[in-house]
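Chemist: So the sequences go chain by chain: A and B. With full-length UniProt numbering applied, the first sequence covers 1 to 334. With full-length UniProt numbering applied, the second sequence covers 1 to 334.
There are 2 protein chains.
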Amino acid sequence: MLKKITIKDIANIVGVSTTTVSQILNNKGQRFSEETKQKVFQAVEKYDYSPDYFAKNMVQRESRTVGMIVPDVTDLFFSKVIEGVETYLNRKDYMLLLCNSKHSTEMERGFIKQLQNRSVAGIILASPNALELEKKMKHLPYILIDRGLNTREQGNILVNEYDGFYNSVKYLIDAGHTKIGMLTNETGYYEMTDRFVAYQKCLKDHGLEFHSEFVEDGPVTIHGGYVATRELLKRADISALCCGNDQMAIGAYRAAFDQGIVIPDDLSIIGFDNLEITGYLNPPLTTVEQPAFDIGYTAAEYMLHAINFPDKMIPNKLYQTKFILRDSVKVFDR
Amino acid sequence: MLKKITIKDIANIVGVSTTTVSQILNNKGQRFSEETKQKVFQAVEKYDYSPDYFAKNMVQRESRTVGMIVPDVTDLFFSKVIEGVETYLNRKDYMLLLCNSKHSTEMERGFIKQLQNRSVAGIILASPNALELEKKMKHLPYILIDRGLNTREQGNILVNEYDGFYNSVKYLIDAGHTKIGMLTNETGYYEMTDRFVAYQKCLKDHGLEFHSEFVEDGPVTIHGGYVATRELLKRADISALCCGNDQMAIGAYRAAFDQGIVIPDDLSIIGFDNLEITGYLNPPLTTVEQPAFDIGYTAAEYMLHAINFPDKMIPNKLYQTKFILRDSVKVFDR
DNA sequence: CTGAAAGCGCTTACAG
DNA sequence: CTGAAAGCGCTTACAG
């Protein structure tokens with residue numbers, strides 16, 4: 001392997017000091033003659049020199065790298081968030097160290113340590129289930145995504161899931177449904193707590209009784225939704241089903257079809273997220289939009305804010321959801 | 001911000017030299033007394049010291065970081081590949097710098113430069129459309145994914161798409177279809193060239209004429225498949241449609257439903273990839289499996305091989321596909 | 001068994 | 001207008 005060209009080489013070639021080369025390359029070269037500058041730039045060009053990242057960082061301490069921890073890179077919601085983060089970071093010449101925690105708090109802890117060790121400028125943490133992780137963050141800026149429950153008052157990027165979910169349950173009630181089920185996450189996690197509370201509250205506000213047998217939980221995946229719906233349909237005589245997210249709704253579709261249940265005639269379904277694919281289902285899914293890309297983009301934006309202005313508060317953001325009316329809900333005549 | 005603790009601090013605290021601390025921490029400390037070792041470990045523990053990443057790298061030149069460039073992180077196929085890469089890397093204490101090129105060769109070029117500048121140990125490049133990028137790679141190990149056309153004889157991870165696609169066209173013919181359409185990528189890209197060639201060859205081998213009006217191209221996304229199918233159905237009287245990938249097939253489903261065309265009775269559809277979701281469509285999609293996770297996992301494995309044994313050839317891998325029979329194809333009686 | 005010193009490739013405060 | 005020298009935080013070849 002060829003020896004890497006260094007600033008010293010460039011200095012020797014041009015016949016100046018490394019100071020001169022360094023200053024010129026870092027745009028602090030007002031004081032140098034145009035001629036010197038040109039010679040330096042030409043040599044840099046010719047030998048394709050670029051300053052060594054590690055050496056530069058050792059003195060400047062600016063890694064221009066952000067770490068991001070997600071529970072599942074293949075999750076349709078999170079991959080959109082990642083896209084948003086990467087897009088902003090890229091514009092600012094930052095890069096993304098991506099960590100996939102597979103929903104494991106233990107792995108998240110390990111990643112935080114590794115990322116700190118690599119001197120990332122900050123960490124974007126999308127973890128619905130690890131309150132105590134924050135203590136690990138020491139002096140590093142961090143942003144929390146998808147994380148209603150936490151102990152800090154800044155750097156939270158949230159979605160008003162409560163209102164979003166409440167509205168969809170209300171929509172079902174207004175459409176004439178009275179036996180409304182729900183698919184939520186497994187016990188132990190609390191990512192969908194807001195949605196579950198909204199479900200119960202909306203029922204109550206409209207004089208409908210809460211039946212625990214109308215609720216089923218499971219992994220918040222397509223397959224999880226499939227299994228949960230299959231179980232639910234065995235025991236519950238419901239006319240509508242609110243799914244904790246779109247992936248579960250996709251599983252619910254299949255469970256219904258398996259049993260010859262027609263959507264929306266026999267069973268109405270509502271999702272949550274508005275993944276691109278839901279507009280292409282048969283029938284197209286009525287759902288609630290969360291701005292996944294924007295969430296990621298904003299998280300990255302706030303991250304850089306936190307990095308560049310360490311003394312200022314990191315902003316918080318609360319996104320509102322949007323009800324997306326499609327064709328998976330039956331409206332009863334009155 | 002607290003001053004970061006250095007090896008010098010630890011050395012002072014314990015009352016030894018930095019040499020001693022360094023040797024012990026790097027497991028080269030056989031020669032030191034058990035007592036010294038314990039004292040060092042205790043101090044390290046107590047002050048939560050870990051060697052500075054940049055300083056360490058400046059002397060050791062081992063970034064333990066791999067760069068990966070994908071055309072679209074939200075693509076269901078690529079996100080599975082990313083998961084595979086991350087999984088292997090994580091096991092080996094490497095980290096992943098992820099770059100999303102949005103299908104732009106120009107961005108890919110920029111990322112390669114940035115990644116090299118950051119001294120990554122290697123680059124995994126998933127780019128179906130940029131032959132000349134390889135020249136940029138200079139002395140860095142790299143692995144090519146999803147990339148039939150290239151100029152190198154090592155480090156290629158390929159899937160036998162030709163056979164996979166040929167087989168599904170053959171399946172349609174065997175099922176009695178004679179008017180078989182295809183959805184492929186936009187002109188200019190050549191990621192699906194193998195599949196297109198297989199389609200034409202299979203038709204020919206079975207005495208079926210190739211009709212260019214039975215073929216439509218577009219972006220290889222859900223929406224792309226939707227639009228392409230809508231156009232195709234306007235002009236072509238086909239009984240079956242081979243889609244370049246599953247995402248396009250999902251779009252094709254919707255285009256068909258929009259027009260009251262029933263799958264598989266009025267139109268048979270076959271996809272490619274076997275994304276998890278395809279088993280949950282209505283009807284479940286017959287498709288061809290590509291081992292996306294394994295592809296990523298193996299790419300990472302070969303990457304580390306290339307890093308650790310720079311003088312050896314990087315292996316190549318050719319994955320075979322698997323036909324996944326579900327319910328989206330009508331079989332005619334003979 | 002242990003440490004002083006050189007060196008990795010940069011940037012920067014300082015002197016001229 | 002320019003450069004010599006110190007320093008960033010490590011590891012390692014060498015000397016004792």
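Backbone N, C-alpha and C fix where the C-beta goes; we use that ideal spot for every residue, glycine too.
Please list the partners that S119 of chain A has in chain B, where partner means a Cβ-to-Cβ separation under 8 Å.
Modeler: Start at 1 with the first residue of the first sequence, and residue 119 of chain A comes out as number 119. Taking the beta carbon of S119 of chain A as reference, the chain B residues within 8 Å of it are D52, Y53 and F54, listed in sequence order.
Chemist: Identify the contact partners of M58 of chain B in chain A, using a Cβ-Cβ distance below 8 Å as the criterion.
Modeler: If you number the second sequence from 1, residue 58 of chain B lands on position 58. Within 8 Å Cβ-Cβ: D52, F54, A55 and M58.
Chemist: Measure from the alpha carbon of M58 of chain B to the alpha carbon of each residue in A:K4, A:Q23 and A:S239, then state which is nearest.
Modeler: In the second sequence, counting from the first residue as 1, residue 58 of chain B sits at position 58. Answer by Cα proximity: A:K4.
Chemist: From A292 of chain B to F77 of chain B, what distance separates their C-alpha atoms?
Modeler: Start at 1 with the first residue of the second sequence, and residue 292 of chain B comes out as number 292. Start at 1 with the first residue of the second sequence, and residue 77 of chain B comes out as number 77. In a straight line, the C-alpha of A292 of chain B is about 6 Å away from that of F77 of chain B.
Chemist: Smallest Cα separation from A126 of chain B: which of B:E186, B:Y171, B:R118 and B:E191?
Modeler: Position 126 of the second sequence, counted from the start, is the residue given in the question as residue 126 of chain B. Selection B:E186, B:Y171, B:R118 and B:E191 evaluated against A126 of chain B yields B:E191 as nearest (Cα-Cα).
Chemist: Quick check on G224 of chain B - is its C-beta less than 9 Å from some C-beta in chain A?
Modeler: As a working note, residue 224 of chain B is residue 224 in the second sequence. Answer no: the Cβ-Cβ gap between G224 of chain B and chain A never drops below 9 Å.
Chemist: Which whole runs of the alpha helix (DSSP H) in the stretch 243-313 of chain B are 4 residues long or more, in chain order?
Modeler: Within the stretch 243-313 of chain B, the complete alpha helix (DSSP H) runs of at least 4 residues are 246-258 and 292-308.
Chemist: Going along chain B, which residues have a C-beta under 7 Å from E83 of chain A?
Modeler: Along the first sequence, read from residue 1 onward, the residue named residue 83 of chain A stands at position 83. Per Cβ cutoff of 7 Å: V73, T74 and N100.
Chemist: If we count the other Cβ atoms within 10 Å of its Cβ and call it buried at 16 or more, is M313 of chain A buried or exposed?
Modeler: Here residue 313 of chain A corresponds to residue number 313 of the first sequence, with the count starting at 1. Counting Cβ neighbours within 10 Å, M313 of chain A comes out exposed, since fewer than 16 surround it.
Chemist: Just the chain A side, please: which residues come within less than 9 Å of R254 of chain B by C-beta, in chain order?
Modeler: Along the second sequence, read from residue 1 onward, the residue named residue 254 of chain B stands at position 254. Residues of chain A passing the Cβ test: G279, Y280, L281, N282 and P284.
Chemist: Check G164 of chain B in the structure and name its three-state DSSP category.
Modeler: On the second sequence, position 164 is the one that residue 164 of chain B refers to. Residue state for G164 of chain B is assigned as helix, using DSSP reduced to three classes.
Chemist: In three-state DSSP terms, what is K92 of chain B?
Modeler: Counted from its first residue, the second sequence places residue 92 of chain B at position 92. Here K92 of chain B sits in coil by DSSP.
Chemist: Could you check whether the stretch 94-110 of chain A touches the stretch 74-93 of chain B, counting it as contact only if at least three pairs of C-beta atoms, one from each stretch, sit closer than 8 Å?
Modeler: Short answer: they touch.
Chemist: Mind checking if I112 of chain A is an interface residue toward chain B, Cβ cutoff 9 Å exclusive?
Modeler: Here residue 112 of chain A refers to the residue found at position 112 of the first sequence. Not closer than 9 Å to any Cβ of chain B, the Cβ of I112 of chain A fails to qualify, so no.
Chemist: Residues of chain A with a CB under 7 Å from the CB of S79 of chain B: which are they?
Modeler: Locating residue 79 of chain B in the second sequence gives position 79, where the first residue counts as 1. Per Cβ cutoff of 7 Å: V73, T74 and S79.
Chemist: Is it the case that the Cβ atoms of L115 of chain A and L96 of chain A are separated by a distance below 9 Å?
Modeler: Numbered from 1 along the first sequence, position 115 holds the residue referred to as residue 115 of chain A. Numbered from 1 along the first sequence, position 96 holds the residue referred to as residue 96 of chain A. Going by C-beta atoms, L115 of chain A is not nearer than 9 Å to L96 of chain A.
Chemist: If we ignore side chains and look at the alpha-carbon of each, how far apart do L275 of chain A and M248 of chain A end up?
Modeler: Position 275 of the first sequence, counted from the first residue, corresponds to residue 275 of chain A. Position 248 of the first sequence, counted from the first residue, corresponds to residue 248 of chain A. L275 of chain A and M248 of chain A: Cα-Cα distance of roughly 12 Å.
Chemist: Assuming contact is defined by CB atoms lying nearer than 9 Å, are N117 of chain B and E86 of chain A in contact in what I supplied?
Modeler: Position 117 of the second sequence, counting from 1, holds the residue named residue 117 of chain B. Position 86 of the first sequence, counting from 1, holds the residue named residue 86 of chain A. No Cβ-Cβ contact shorter than 9 Å links N117 of chain B with E86 of chain A.
Chemist: With a threshold of 16 other CB atoms inside 10 Å of the CB of S268 of chain A, please say whether the residue is buried or exposed.
Modeler: The count along the first sequence starts at 1 and reaches residue 268 of chain A at position 268. When all chains shown are included, S268 of chain A counts as buried.
Chemist: Run through the stretch 52-100 of chain A for me and flag every whole beta strand (DSSP E) of 3 or more residues, listed as ranges in chain order.
Modeler: Uninterrupted beta strand (DSSP E) stretches at least 3 residues long and entirely within the stretch 52-100 of chain A occur at 65-70 and 95-100, given in chain order.
Chemist: Quick one, which of B:K201, B:Q42, B:T229 and B:F210 has its alpha-carbon nearest I250 of chain B's?
Modeler: The residue you call residue 250 of chain B lines up with position 250 of the second sequence. Out of B:K201, B:Q42, B:T229 and B:F210, B:T229 has the C-alpha closest to the C-alpha of I250 of chain B.
Chemist: Closest by CA to L183 of chain B, which one among B:D163, B:V227 and B:F332?
Modeler: By 1-based counting over the second sequence, the position of residue 183 of chain B is 183. Taking the Cα of L183 of chain B as reference, the smallest distance to any Cα among B:D163, B:V227 and B:F332 is reached at B:V227.
Chemist: Which chain B residues are close to I13 of chain A, counting only those with a beta carbon under 8 Å from its beta carbon?
Modeler: By 1-based counting over the first sequence, the position of residue 13 of chain A is 13. Neighbours of I13 of chain A on chain B: none; closest Cβ ~20 Å, over 8 Å.
Chemist: Is the Cβ-Cβ distance between K330 of chain B and I238 of chain B less than 9 Å?
Modeler: One-based indexing of the second sequence puts residue 330 of chain B at position 330. One-based indexing of the second sequence puts residue 238 of chain B at position 238. Cβ distance not < 9 Å, so K330 of chain B and I238 of chain B don't count as in contact.
Chemist: How would you list, in chain order, the residues of chain A whose beta-carbon sits under 9 Å from the beta-carbon of L233 of chain B?
Modeler: Translated into positions along the second sequence, residue 233 of chain B becomes position 233. Within 9 Å Cβ-Cβ: nothing; L233 of chain B doesn't reach chain A, min ~16 Å.
Chemist: Are the stretch 149-163 of chain A and the stretch 192-207 of chain A touching, with three or more C-beta to C-beta distances below 8 Å?
Modeler: The stretch 149-163 of chain A makes contact with the stretch 192-207 of chain A: 3 or more CB pairs, one atom from each, lie closer than 8 Å.
Chemist: Starting from the beta carbon of I269 of chain A, find every residue of chain B whose beta carbon is closer than 8 Å, and list them in chain order.
Modeler: For the purposes of this step, residue 269 of chain A is taken as residue 269 along the first sequence, with counting starting at 1. Correct list: empty, because the minimum Cβ distance to chain B is about 12 Å.
Chemist: Could you give the first and the last residue of the continuous alpha helix (DSSP H) run that contains T105 of chain A?
Modeler: Translated into positions along the first sequence, residue 105 of chain A becomes position 105. Its alpha helix (DSSP H) spans residues T105 to N117.
Chemist: Reducing DSSP to helix, strand and coil, say where residue 402 of chain B ends up.
Modeler: In the structure displayed, chain B extends from 1 to 334; residue 402 of chain B sits before or after that span and is not available.
Chemist: Would a check of beta-carbon distances place V303 of chain A closer than 9 Å to chain B?
Modeler: Position 303 of the first sequence, counting from 1, holds the residue named residue 303 of chain A. First, the amino acid is wrong: residue 303 of chain A is Met here, not Val. Not an interface residue.
Chemist: Do you know how far the Cα of N282 of chain B is from the Cα of K204 of chain B?
Modeler: Locating residue 204 of chain B in the second sequence gives position 204, where the first residue counts as 1. Locating residue 282 of chain B in the second sequence gives position 282, where the first residue counts as 1. In a straight line, the C-alpha of K204 of chain B is about 32 Å away from that of N282 of chain B.
Chemist: What does a CB cutoff of less than 7 Å around A255 of chain A pick up in its chain, not counting 5 residues either side in sequence?
Modeler: As a first step, residue 255 of chain A is located in the first sequence; it is residue number 255 there, counting from the start. If we look at A255 of chain A and ignore the five residues flanking it on each side, its Cβ neighbours are Y226, T229, R230 and L233.
Chemist: DSSP puts residue 383 of chain B in a beta bridge; with which residues?
Modeler: Within the shown structure, residues of chain B are numbered from 1 to 334, placing residue 383 of chain B beyond reach of any answer.
Chemist: Return the first residue and the last residue of the alpha helix (DSSP H) that K8 of chain A is part of.
Modeler: Mapped onto the first sequence, residue 8 of chain A falls at position 8. First-last of the alpha helix (DSSP H) with K8 of chain A: I7 to V14.
Chemist: Taking the alpha-carbon positions, what's the N156 of chain B to Y302 of chain B distance?
Modeler: Residue numbering aside, residue 156 of chain B sits at position 156 when the second sequence is read from its first letter. Residue numbering aside, residue 302 of chain B sits at position 302 when the second sequence is read from its first letter. Straight through space, the alpha carbons of Y302 of chain B and N156 of chain B are spaced by roughly 9 Å.
Chemist: Looking at the strands, I want to know which residues DSSP matches up with F210 of chain A.
Modeler: Walking along the first sequence from the start, residue 210 of chain A turns up at place 210. DSSP lists no partner for F210 of chain A.
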